[in-house]
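Student: Residue numbers (the numbering used here), protein chains in the order written: chain A, 594 to 968; chain B, 131 to 314. Sending over a structure as structure tokens; questions will come in a sec.
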Amino acid sequence: MARLAGPHAQATVLEGAVRSALEAEGWTVDDHPVIGSYQPDFMASGESRPDLIVEIKATSRPIHFASVAQVASYVRAALEAQPDREVRGVLLSIAPLTAAARDAAEKVGVTVLTGSDAPSTIDDPQVLAAAWARQLRDLETVPVTLDTAIKIAQGILERVDRQFTPRYGTSVAEVGAAAAFGYEGLIQLKQKRAKFGEITEPRALLTTIIFRNVLSEVDAAMRTMAPGARAHHRLVEKYYEQLANEEPTQTAHYERAVRLADEESERLGRFLVRVADEGAIEQVEDPNDPYSKVFDEDFVRTIDEIVEPGAVTSSARQPVQFTATDRHTWSMLKAAALSSADIEWSKYGVDPHIGSQRLSAFLKKVATVVRDWRS
Amino acid sequence: MRAELTIRHKAGDFLAPLSQQLPADDRSCLSRSLLFASSRAWQANVAFATETPHWRLVVYSDGADQWQMVVEPIHGDLKKACGSLWSTVQRSTRSLSPKLDRLEVIDDGTGQVVAQARTGLAPQVRRREFWLPLAVGLANGVVLATTGADTATIRATIPGFAAAAIALLFIVGDAVRKSLVWHD
């Protein structure tokens, strides 16, 4: 709590009043307890109710969101020390709370009571503290501890890891993040209780919440780290749902869904499966490798031949004809040392957008002719 | 230790020009923060977060024309970081007339305010290092007024007046530039 010379006396009086009010409501109050590296104003504990970590702001300025974050970090430290207890962070403030800060407090599970939350005048610290203590007494409890939530999260993360790693060669779900998922799931469970009232199966709901959070996190990570794997996974989900609807009595849908997704992905030509190959790095061509150079020259010569006017070229599917535009595009690509990004389209009087399209069309034609050339 | 800032401004886009002057938005830096690592919800709820080798900045919207910020030191001087950030805010959002409502350095462990900074003329005048030259200038003025303005007296008071004038220039200059004045 802020203890500058001005508000110091007011803060001390309010602190004393809150301590007395909490004790009057049956809590055992520990003044400035040491929790990890933190020292909040109070720790209030009582029989069969959650422990409260209380921070008081006696200044009249609106609450800064960092104060909310600070109380959340106190709670996290307390839960890490005693994961089997339910601990609630409470911020008591004379000043009003802005809508944004109240929203932040809800999202991180911190209870904020302000002067305006108390039905009486805030001029009398004793009356205000008593009103706050009554409100804290009536707060709901959630019959699931963080310890349980972390175990649920750990199980889900391990399961997701077992499913993803063999297939995609990477573990996007970090089992070490179980504490964070558990804590967040618990907060969301509390929010749902506050919104919908009593929940008959809190553990089942918590499992669903954490599972959704994990999948959402995995999806976000795959979007950037492995877009091919994400596309494949979405296909698996699609086929799994389809198979489950078609044959609800059968089990083994998952393996079949994976197979179907593999087939469709192959048909679409997407790179999907990561294969562990220790020698792969040695197979990557060094641009200075003489073989690579000869290969490139050979490759260029072959394309020169097939794009020549009158050259007879055909693929397995259809005959391929190279136009003057194709030959022009090929000459530009060669001039840029086969690096499409380095082609200066405007220098040749071609709009870059059109140039890219021409290059794409040309390369597709070349691909149909030389598909098996290297082998 | 962290610094909490509250900045108010005229209506307009504040964050876009400011973020252009700062390293790219990187919410993942919140996981390295003692304050914000407690919940992943912060990553979705803050408006902007970034990190330099010296400090970490987290910005939170507190209405249409008000922003709350937190600066956490990594390897560096927190007061210097605040000064640098405040200069960047002023430079990038000059047209919105940003006003520093509050800047406090808070001890993370206890939540106590350990230092505050203000801007404006009154805090600049309260800087004790300028009191002596201003007092000397004032005393010289009193001497001149009471003993008469002969050449010798005027010459003798010139250094005192010069010192007071320089002190005044610093005070007014810093007030106009909205430089931070720290006090514990």
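Glycine included, each C-beta is placed from N, C-alpha and C at the ideal position. Computed from a prediction, not measured in an experiment: that's the story for all the values here.
(1) Residues of chain A with a CB under 9 angstroms from the CB of Ala293 of chain B: which are they?
(2) Using CA atoms only, rank isn't needed, just tell me which of A:Ser638, A:Leu706, A:Trp938 is closest to Arg678 of chain A.
(3) Can you find a CB in chain A that lies within less than 9 angstroms of the CB of Gly241 of chain B?
(4) Going along chain B, which residues have a C-beta under 7 angstroms from Gln747 of chain A?
(5) Taking one C-beta from the segment 944-962 of chain A and one from the segment 132-146 of chain B each time, how about it: are there three or more such pairs within less than 8 angstroms?
(6) Where are the beta strand (DSSP E) runs, 3 residues long or more, that stay fully inside the segment 173-247 of chain B, in chain order?
(7) Looking at the strands, I want to know which residues DSSP matches up with Glu901 of chain A.
(8) Go through the segment 743-793 of chain A residue by residue and report every complete run of the alpha helix (DSSP H) that reaches 4 residues or more, in order.
(9) Could you please give the first and the last residue of the uninterrupted alpha helix (DSSP H) stretch that includes Thr800 of chain A?
(10) State yes or no: is the C-beta of Tyr847 of chain A within less than 9 angstroms of the C-beta of Ser169 of chain B?
(11) Kindly list the residues whose CB is nearer than 8 angstroms to the CB of Gly250 of chain B, restricted to its own chain and excluding five residues on each side of it in sequence; keep chain order.
(12) Rounded to whole angstroms, what is the Cα-Cα separation between Gln781 of chain A and Lys788 of chain A?
(13) Can you name the start and end residues of the alpha helix (DSSP H) that Asp156 of chain B belongs to?
(14) Taking 9 angstroms as the threshold (beta carbon to beta carbon), is Arg132 of chain B in contact with chain A?
(15) Determine contact between the segment 658-675 of chain A and the segment 268-282 of chain B, defined as no fewer than three beta-carbon pairs at a distance below 8 angstroms.
(16) For Asn838 of chain A, count neighbouring Cβ atoms within 10 angstroms of its own Cβ and tell me buried if that reaches 16, exposed if not.
(17) Can a CB atom of chain B be found closer than 9 angstroms to the CB of Arg654 of chain A?
(18) If the cut is a Cβ gap below 9 angstroms, which residues of chain B does Ala694 of chain A touch?
(19) Is the segment 682-692 of chain A in contact with the segment 646-658 of chain A, if contact means three or more CB pairs nearer than 8 angstroms?
(20) In chain order, what residues of the same chain have a beta carbon less than 8 angstroms from the beta carbon of Arg827 of chain A, not counting five sequence neighbours either side?
(21) Using only the alpha-carbon positions, how far apart do Thr918 of chain A and Gly821 of chain A sit?
(22) Quick one, which residues of the segment 155-179 of chain B are near chain A if we go by CB-CB under 9 angstroms, in chain order?
(23) Which same chain residues end up closer than 6 angstroms to Val608 of chain A when comparing Cβ atoms and leaving out the 5 residues on each side of it in sequence?
(24) Could you tell me if Val661 of chain A is buried or exposed, where buried requires 16 or more neighbouring beta carbons within 10 angstroms of its beta carbon?
(25) Taking C-alpha atoms, which residue in B:Ala194, B:Glu134, B:Pro289 lies nearest to Val200 of chain B?
(26) Any chance the segment 238-248 of chain B sits against the segment 259-269 of chain B, with 3 or more Cβ pairs inside 8 angstroms?
(27) Please report the residue range of the beta strand (DSSP E) in which Leu721 of chain A lies.
(28) Could you tell me the boundaries of the alpha helix (DSSP H) in which Pro263 of chain B lies?
(29) Do you know how far the Cα of Arg755 of chain A is from the Cα of His205 of chain B?
(30) Please confirm whether Ile236 of chain B has its beta-carbon closer than 9 angstroms to some beta-carbon of chain E.
(31) On a CA-only basis, which of A:Arg642, A:Val701, A:Ala723 is nearest Ala617 of chain A? Give me that one, please.
(32) In terms of alpha-carbon separation, which member of B:Met131, B:Pro228, B:Ile284, B:Ala171 lies closest to Ala697 of chain A?
(33) If we ignore side chains and look at the alpha-carbon of each, how far apart do Gln150 of chain B and Leu187 of chain B end up?
(34) Go through its chain and collect everything with a Cβ distance to Ser713 of chain A's Cβ below 7 angstroms, but skip five positions before and after it.
(35) For my contact list, Val311 of chain B and Arg224 of chain B are in at a C-beta cut-off of 8 angstroms; report their separation, rounded to the angstrom.
(36) Which residue's Cα is closest to the Cα of Lys831 of chain A: A:Thr817, A:Val851, A:Met815?
Tutor: Per the coordinate set shown:
(1) Looking up residue 293 of chain B in the second sequence gives position 163. Those do not exist, as Ala293 of chain B stays about 32 angstroms from chain A at its closest Cβ, beyond 9 angstroms.
(2) The sequence position of residue 678 of chain A within the first sequence is 85, counting from 1. Comparing Cα positions, the closest option is A:Ser638.
(3) Here the question's residue 241 of chain B lines up with position 111 in the second sequence. Chain A, which has a Cβ nearer than 9 angstroms to the Cβ of Gly241 of chain B, makes this yes.
(4) Stepping through the first sequence from its first residue, residue 747 of chain A is reached at position 154. What Gln747 of chain A touches in chain B: nothing, since even the nearest Cβ is about 16 angstroms away.
(5) no
(6) 178-181, 185-191, 196-203, 229-236
(7) For this step, residue 901 of chain A is matched to residue 308 along the first sequence. Beta-bridge pairing links Glu901 of chain A to no other residue.
(8) 771-789
(9) Counted from its first residue, the first sequence places residue 800 of chain A at position 207. Run containing Thr800 of chain A: 795-818, per the alpha helix (DSSP H) assignment.
(10) Locating residue 847 of chain A in the first sequence gives position 254, where the first residue counts as 1. Locating residue 169 of chain B in the second sequence gives position 39, where the first residue counts as 1. No, the pair does not count as a contact, with Cβ atoms beyond the cut-off.
(11) In the second sequence, residue 250 of chain B corresponds to position 120, counting from 1. Excluding sequence neighbours, Gly250 of chain B sits near Ala305, Lys308.
(12) Indexing the first sequence from 1 puts residue 781 of chain A at position 188. Indexing the first sequence from 1 puts residue 788 of chain A at position 195. Gln781 of chain A and Lys788 of chain A: Cα-Cα distance of roughly 10 angstroms.
(13) Mapped onto the second sequence, residue 156 of chain B falls at position 26. Looking at the DSSP string, Asp156 of chain B is not in any alpha helix (DSSP H), and its letter there is neither H nor E.
(14) Residue mapping note: residue 132 of chain B aligns to position 2 of the second sequence, counting from 1. Taking 9 angstroms as the CB threshold, Arg132 of chain B lines the interface with chain A.
(15) no
(16) Position 245 of the first sequence, counted from the start, is the residue given in the question as residue 838 of chain A. Exposed, by the Cβ-count rule.
(17) Working through the first sequence from its first residue, we reach residue 654 of chain A at position 61. Cβ-Cβ to chain B under 9 angstroms: yes for Arg654 of chain A.
(18) Your numbering for residue 694 of chain A matches position 101 in the first sequence. Listed by position along chain B, the residues whose Cβ is nearer than 9 angstroms to that of Ala694 of chain A are Tyr190, Asp192, Gln198.
(19) yes
(20) Translated into the one-based positions of the first sequence, residue 827 of chain A becomes position 234. None.
(21) Taking the first residue of the first sequence as 1, we reach residue 918 of chain A at position 325. Taking the first residue of the first sequence as 1, we reach residue 821 of chain A at position 228. Rounded to whole angstroms, Thr918 of chain A to Gly821 of chain A spans 33 angstroms at the Cα level.
(22) So the close ones are Ser161, Ser163, Leu164, Leu165, Phe166, Ala167, Ser168, Ser169, Arg170, Ala171, Trp172, Ala174, Asn175, Val176.
(23) Translated into the one-based positions of the first sequence, residue 608 of chain A becomes position 15. Strictly speaking, residue 608 of chain A in this sequence is Glu, with Val absent from that position. Excluding residues within five positions, the ones whose Cβ falls inside 6 angstroms are Ile649.
(24) Here residue 661 of chain A is taken as the residue at index 68 of the first sequence, counted from 1. With 16 or more Cβ atoms within 10 Å of its Cβ, Val661 of chain A is classed as buried.
(25) Taking the second sequence and counting its residues from 1, the one referred to as residue 200 of chain B is at position 70. For the residues B:Ala194, B:Glu134, B:Pro289, the minimum Cα distance to Val200 of chain B belongs to B:Glu134.
(26) no
(27) Counted from its first residue, the first sequence places residue 721 of chain A at position 128. Here Leu721 of chain A belongs to no beta strand (DSSP E); instead the alpha helix (DSSP H) covers 718-730.
(28) For this step, residue 263 of chain B is matched to residue 133 along the second sequence. Unbroken alpha helix (DSSP H) run through Pro263 of chain B: 261-277.
(29) Taking the first residue of the second sequence as position 1, residue 205 of chain B is located at position 75. Taking the first residue of the first sequence as position 1, residue 755 of chain A is located at position 162. Rounded to the nearest angstrom, the two C-alpha atoms are 39 angstroms apart.
(30) Among the protein chains of the structure shown, namely A and B, there is no chain E.
(31) Counting from 1 along the first sequence, the entry for residue 617 of chain A is found at position 24. With distances taken between Cα atoms, Ala617 of chain A lies closest to A:Ala723.
(32) Within the first sequence, numbered from 1, the residue matching residue 697 of chain A stands at position 104. The shortest Cα separation from Ala697 of chain A among B:Met131, B:Pro228, B:Ile284, B:Ala171 belongs to B:Ala171.
(33) The residue given as residue 150 of chain B occupies position 20 in the second sequence. The residue given as residue 187 of chain B occupies position 57 in the second sequence. About 14 angstroms.
(34) By 1-based counting over the first sequence, the position of residue 713 of chain A is 120. Only weak support is given to the placement of Ser713 of chain A: the predicted model assigns it a pLDDT of 49, under 50, and the value that follows is read from those uncertain coordinates. Excluding residues within five positions, the ones whose Cβ falls inside 7 angstroms are Val720, Leu721, Ala724.
(35) Here residue 311 of chain B is taken as the residue at index 181 of the second sequence, counted from 1. Here residue 224 of chain B is taken as the residue at index 94 of the second sequence, counted from 1. Going by Cβ atoms, the distance from Val311 of chain B to Arg224 of chain B rounds to 20 angstroms, so no, they are not a contact pair.
(36) In the first sequence, the residue the question calls residue 831 of chain A occupies position 238. When C-alpha distances from Lys831 of chain A are compared across A:Thr817, A:Val851, A:Met815, the shortest belongs to A:Val851.
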